[in-house]
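Encoded as structure tokens, the structure appears first; notes follow it.
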Amino acid sequence: MKTVAFPLLIMMVGVLPLQAQTVNPKRSNAGQRSAGFENRFAEDLKQTADSIARQNLWFRDAKFGAFIHFGVYSSLEGEYQGRGSGFRYSEWIQISAKIPAQEYHEIAAQFNPADFDADEWAKTFKDSGIRYVVITSKHHDGFALFKSMVSNYNIVDYTPFKRDIIKELSEACHRQGLKFGVYYSQAQDWDEPDAPFLNKRAGLHDIHPELPEDFEQDMDRYIMKKSLPQVEELVKNYELDLIWFDTPVGMNLERVKQFSDMVRKYRPDCLINSRIIHSGRGKIEARYLPYYDYVSIGDKEVPTRKLPLYVESPDSVSSSFGYKTKGNCYYHTPEEMLHRFVHTICAGGNALINNGPMGNGQLDPEAVRIYGVMGDWLKVNGESIYATVRNPLAERPEWGDISASKDGRTLYLHILQWPESGVLSVDGLSSAVNSAAYLATGEKADIVQEDGVLKLTLPAGPLDEYDTVVKVSLEESVSEQGNSE
Numbered sequence: 001m002k003t004v005a006f007p008l009l010i011m012m013v014g015v016l017p018l019q020a021q022t023v024n025p026k027r028s029n030a031g032q033r034s035a036g037f038e039n040r041f042a043e044d045l046k047q048t049a050d051s052i053a054r055q056n057l058w059f060r061d062a063k064f065g066a067f068i069h070f071g072v073y074s075s076l077e078g079e080y081q082g083r084g085s086g087f088r089y090s091e092w093i094q095i096s097a098k099i100p101a102q103e104y105h106e107i108a109a110q111f112n113p114a115d116f117d118a119d120e121w122a123k124t125f126k127d128s129g130i131r132y133v134v135i136t137s138k139h140h141d142g143f144a145l146f147k148s149m150v151s152n153y154n155i156v157d158y159t160p161f162k163r164d165i166i167k168e169l170s171e172a173c174h175r176q177g178l179k180f181g182v183y184y185s186q187a188q189d190w191d192e193p194d195a196p197f198l199n200k201r202a203g204l205h206d207i208h209p210e211l212p213e214d215f216e217q218d219m220d221r222y223i224m225k226k227s228l229p230q231v232e233e234l235v236k237n238y239e240l241d242l243i244w245f246d247t248p249v250g251m252n253l254e255r256v257k258q259f260s261d262m263v264r265k266y267r268p269d270c271l272i273n274s275r276i277i278h279s280g281r282g283k284i285e286a287r288y289l290p291y292y293d294y295v296s297i298g299d300k301e302v303p304t305r306k307l308p309l310y311v312e313s314p315d316s317v318s319s320s321f322g323y324k325t326k327g328n329c330y331y332h333t334p335e336e337m338l339h340r341f342v343h344t345i346c347a348g349g350n351a352l353i354n355n356g357p358m359g360n361g362q363l364d365p366e367a368v369r370i371y372g373v374m375g376d377w378l379k380v381n382g383e384s385i386y387a388t389v390r391n392p393l394a395e396r397p398e399w400g401d402i403s404a405s406k407d408g409r410t411l412y413l414h415i416l417q418w419p420e421s422g423v424l425s426v427d428g429l430s431s432a433v434n435s436a437a438y439l440a441t442g443e444k445a446d447i448v449q450e451d452g453v454l455k456l457t458l459p460a461g462p463l464d465e466y467d468t469v470v471k472v473s474l475e476e477s478v479s480e481q482g483n484s485e
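All letters in the sequence shown, in the order written, are residues 1 to 485 by the UniProt record's numbering.
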């Protein structure tokens, strides 16, 4: 049998075991690992003018997206016949439980999310302050949530549900004024023997025992037979604002160009993420920048520093992306989720926060609760998030983080840890401060400015349960310090 060598740096946070947890542990800095950012991002990297133009149409101002992992795996909830529950990601159940393709097909044939209501989903997202939505049109299991003429292994032709979820959700989101995108696993497809297999937990012959031992995979045959034609269907038949590729095992310049060109042919303004070629924690190569528009960093990774390219953090309300009730899993607290969100925005990026709907088609109630808390906070503090730019000062402060208006004349101080001294300091200001006020109440803050240091005498306790924001109006624009975009 031909041996295929695959990169080991493909995004695989999920291979690490977790301790079983049923309550939300306190992890205020969870996911904020700085190792590798310097190695991944050379400071001279620059996005193309076309990519920046596409970002500026809506993406940079949107800041908050909903990621949705939904499919056959949602009905299994992370376990199959007592197997697979130890794996972090429930959407990987076919691999973690070593379910042969024929057996998985039988599960797929019973998938019936009868309670799915696209308008209810879209309204929930809109009410939560979410500005764009990205859903799995085809995950690694090869099953599509849209009507495909390329393969009948899809929700319309293969299940009793017989409805096109991508079509219904796309239309519902656009009715709510939300931008809409799809996730598509371009390289990995466990239903296709010619597609590369990434995880060593289950190999090709575990999933396809019918294959001869000397079967030779041909990735290009898979791409031309299924992957590229399905991407063409998506960009031709659906109103897409973004396409989110993933796990680019085996991808090279020629293959990347095929997919990028296909998207550009039909939807010139559609955004493409970096996982068309780069793994989430892989080194960014300048030669690939013309083929995508922004960088998807690692799963559940929160940036700890300003980066030279615009990024998006694919985070999640829980440790899994697909809905999971079996085995090792946890949810973030609303405070934790909001702090991760704020740090991502203040570092210069978007937060794409995932929920995994249940197999019956209803949104996960805990995800809805967490989104709701974030939405309530944004109703008061949204001006410190939407259409802002990253912290213009050189360092992230110990007490929280900073965002700024586009013109640099307004700073938003996000107080995530209330100083015991009752005094908050902001160093390195090059402009005089005209005024400062708390967004939660509109009350003016008690401020003193000396030698470029702004000091605020704070109330006895936080004015917001999660993040008290102070709006600081400046006499002049504050220039960018430290790393630049």
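Backbone N, C-alpha and C define an ideal beta-carbon position, used for all residues, glycine too.
Answer with buried or exposed for residue 216, where buried requires no fewer than 16 other C-beta atoms within 10 angstroms of its C-beta.
Position 216 of the sequence shown, counted from the start, is the residue given in the question as residue 216. Burial call: exposed.
Check your understanding: If we count the other Cβ atoms within 10 Å of its Cβ and call it buried at 16 or more, is residue 354 buried or exposed?
Key -> Sequence index remark: in the sequence shown, residue 354 carries index 354 (1-based). Buried, by the Cβ-count rule.
In this structure, how does DSSP classify residue 266 when only helix, strand and coil are distinguished? For the purposes of this step, residue 266 is taken as residue 266 along the sequence shown, with counting starting at 1. Three-state result, residue 266: helix.
| field | Inter-residue spacing [alpha-carbon to alpha-carbon] between residue 429 and residue 457 | value | As a first step, residue 429 must be located in the sequence shown, where it is residue number 429. As a first step, residue 457 must be located in the sequence shown, where it is residue number 457. Residue 457 has its alpha-carbon roughly 17 angstroms from the corresponding atom of residue 429.
query: Are there 16 or more other CB atoms within 10 angstroms of the CB of residue 273, so buried, or fewer, so exposed?
result: Translated into positions along the sequence shown, residue 273 becomes position 273. Result: buried.
Open item on the list: Below 8 angstroms, how does it come out for the segment 308-325 and the segment 340-358: are there three or more Cβ pairs, yes or no?
Closed with: By the Cβ criterion, the segment 308-325 is in contact with the segment 340-358, since at least three pairs of Cβ atoms, one from each stretch, lie closer than 8 angstroms.
Ignore the nearest five residues each way along the sequence and tell me which others in residue 211's own chain have a CB closer than 8 angstroms to its CB. Here residue 211 refers to the residue found at position 211 of the sequence shown. Excluding residues up to 5 positions away in sequence, 193, 204 and 205 lie with their Cβ nearer than 8 angstroms to the Cβ of residue 211 in the same chain.
Identify the continuous beta strand (DSSP E) that holds residue 450 and give its terminal residues. On the sequence shown, position 450 is the one that residue 450 refers to. Counting along the chain, the beta strand (DSSP E) containing residue 450 begins and ends at 446-450.
With distances taken Cα to Cα, identify the nearest neighbour of residue 226 among 185, 240 and 131.
-> For the purposes of this step, residue 226 is taken as residue 226 along the sequence shown, with counting starting at 1. Taking only the C-alpha atoms, the option nearest residue 226 is 185.
Quick one: residues in its chain with C-beta nearer than 7 angstroms to the C-beta of residue 267, no 5 flanking neighbours on either side, listed in chain order? By 1-based counting over the sequence shown, the position of residue 267 is 267. Short of 7 angstroms from the beta carbon of residue 267, and not among the five residues preceding or following it, lie these beta carbons of its own chain, in chain order: 235 and 240.
- Message: Once the 5 residues before and after residue 171 are set aside, which same chain residues still bring their CB inside 6 angstroms of it?
- Response: If you number the sequence shown from 1, residue 171 lands on position 171. Taking residue 171 as the centre and dropping the five residues before and after it, the same chain places no C-beta closer than 6 angstroms to its C-beta.
Practice item. Run the CB neighbour count on residue 81, radius 10 Å, all protein chains shown included, and call it buried at 16 or more, exposed below. Key: The count along the sequence shown starts at 1 and reaches residue 81 at position 81. With fewer than 16 other Cβ atoms within 10 Å, it is exposed.
Is it the case that the Cβ atoms of residue 133 and residue 65 are separated by a distance below 8 angstroms?
Position 133 of the sequence shown holds residue 133. Position 65 of the sequence shown holds residue 65. Between residue 133 and residue 65, the C-beta gap is smaller than 8 angstroms, which places the two residues in contact.
Going by beta-carbon coordinates alone, are residue 73 and residue 361 separated by less than 8 angstroms?
The residue given as residue 73 occupies position 73 in the sequence shown. The residue given as residue 361 occupies position 361 in the sequence shown. No, the pair does not count as a contact, with Cβ atoms beyond the cut-off.
key: Nearest neighbour of residue 99, chosen from 265, 115 and 78 [CA to CA]   = Position 99 of the sequence shown, counted from the start, is the residue given in the question as residue 99. Closest by alpha carbon: 78.
Take every Cβ of the segment 437-447, pair it with every Cβ of the segment 400-407, and state whether three or more of those distances are shorter than 8 angstroms.
They do not touch, by the three-pair rule.
Identify whether residue 518 lies in helix, strand or coil by the three-state DSSP scheme. It is not possible to answer for residue 518, since the shown part of the chain is limited to 1 through 485.
- Message: Please report the distance separating the alpha-carbon of residue 396 from that of residue 301.
- Response: Here residue 396 is taken as the residue at index 396 of the sequence shown, counted from 1. Here residue 301 is taken as the residue at index 301 of the sequence shown, counted from 1. If I take the Cα positions, the gap works out to 17 angstroms.
key: Nearest candidate by alpha-carbon position, reference residue 149, set 233, 344 and 38   = As a working note, residue 149 is residue 149 in the sequence shown. When each option's Cα is compared against that of residue 149, the closest is 233.
Mind checking who residue 138 pairs with in its DSSP beta bridge?
The sequence position of residue 138 within the sequence shown is 138, counting from 1. DSSP lists 144 and 184 as partners of residue 138.
DSSP state of residue 229 mapped onto helix, strand, coil: Residue numbering aside, residue 229 sits at position 229 when the sequence shown is read from its first letter. The three-state reading of DSSP puts residue 229 in helix, counting H, G and I together.
Handout entry: Cα-Cα separation between residue 41 and residue 477, rounded to whole angstroms
Key = Position 41 of the sequence shown, counting from 1, holds the residue named residue 41. Position 477 of the sequence shown, counting from 1, holds the residue named residue 477. Each residue's alpha carbon lies about 28 angstroms from the other.
Can you name, in chain order, every residue of its own chain whose Cβ lies under 8 angstroms from the Cβ of residue 48, other than the five neighbours on each side? If you number the sequence shown from 1, residue 48 lands on position 48. Excluding sequence neighbours, residue 48 sits near 289 and 290.
In DSSP terms, what residue 455 is bridged to: Here the question's residue 455 lines up with position 455 in the sequence shown. The bridge partners DSSP lists for residue 455 are 425 and 448.
Same chain, Cβ closer than 6 angstroms to residue 146, neighbours up to 5 away in sequence not counted: Counted from its first residue, the sequence shown places residue 146 at position 146. So the list reads 137, 164 and 166, once near-sequence residues are dropped.
Q.
Distance check for residue 71 and residue 470, CA to CA, integer angstroms please.
A. Here the question's residue 470 lines up with position 470 in the sequence shown. Here the question's residue 71 lines up with position 71 in the sequence shown. Distance between the alpha carbons of residue 470 and residue 71 is about 42 angstroms.
- Task: Would you mind listing the beta strand (DSSP E) stretches within the segment 306-385 that are 3+ residues and don't spill past its ends, in chain order?
- Result: Within the segment 306-385, the runs of beta strand (DSSP E) that reach at least 3 residues and sit entirely inside it are, in chain order, 311-316 and 349-355.
Using the Cα positions of residue 345 and residue 260, report the straight-line distance between them to the nearest angstrom. In the sequence shown, counting from the first residue as 1, residue 345 sits at position 345. In the sequence shown, counting from the first residue as 1, residue 260 sits at position 260. Within the model, the alpha-carbon separation for residue 345 versus residue 260 is close to 27 angstroms.
Q) Roughly how many angstroms separate the alpha carbons of residue 60 and residue 69, rounded to a whole number? A) Within the sequence shown, the letter at position 60 stands for residue 60. Within the sequence shown, the letter at position 69 stands for residue 69. Using only the alpha carbons, I get a separation of about 23 angstroms.
Is the beta carbon of residue 474 less than 8 angstroms from the beta carbon of residue 411? Here residue 474 is taken as the residue at index 474 of the sequence shown, counted from 1. Here residue 411 is taken as the residue at index 411 of the sequence shown, counted from 1. The answer is yes: Cβ separation under 8 angstroms.
Rounded separation between residue 277 and residue 251 - CA only:
Translated into the one-based positions of the sequence shown, residue 277 becomes position 277. Translated into the one-based positions of the sequence shown, residue 251 becomes position 251. Put simply, the backbone Cα of residue 277 is about 6 angstroms away from that of residue 251.
Quick one: what's got a C-beta closer than 7 angstroms to residue 393's C-beta in the same chain, skipping five residues either side? By 1-based counting over the sequence shown, the position of residue 393 is 393. If you ignore the 5 residues before and after residue 393, its C-beta comes within less than 7 angstroms of the C-beta of 402, 428 and 481, all in its own chain and listed in chain order.
| query | Which value, in whole angstroms, describes the spacing of the CA atoms of residue 62 and residue 377? | reply | Looking up residue 62 in the sequence shown gives position 62. Looking up residue 377 in the sequence shown gives position 377. Here the alpha carbon of residue 62 sits roughly 16 angstroms from the alpha carbon of residue 377.
Sorted by chain position, which residues of the same chain lie with C-beta nearer than 8 angstroms to residue 461's C-beta, five sequence neighbours on each side aside?
On the sequence shown, residue 461 is found 461 positions in, with the first residue counted as 1. If you ignore the 5 residues before and after residue 461, its C-beta comes within less than 8 angstroms of the C-beta of 418, all in its own chain and listed in chain order.
message: Within 10 Å of its beta-carbon, does residue 102 have 16 or more other beta-carbons around it, so buried, or fewer, so exposed?
response: Start at 1 with the first residue of the sequence shown, and residue 102 comes out as number 102. By the neighbour-count rule (16 or more Cβ atoms within 10 Å), residue 102 is not buried but exposed.
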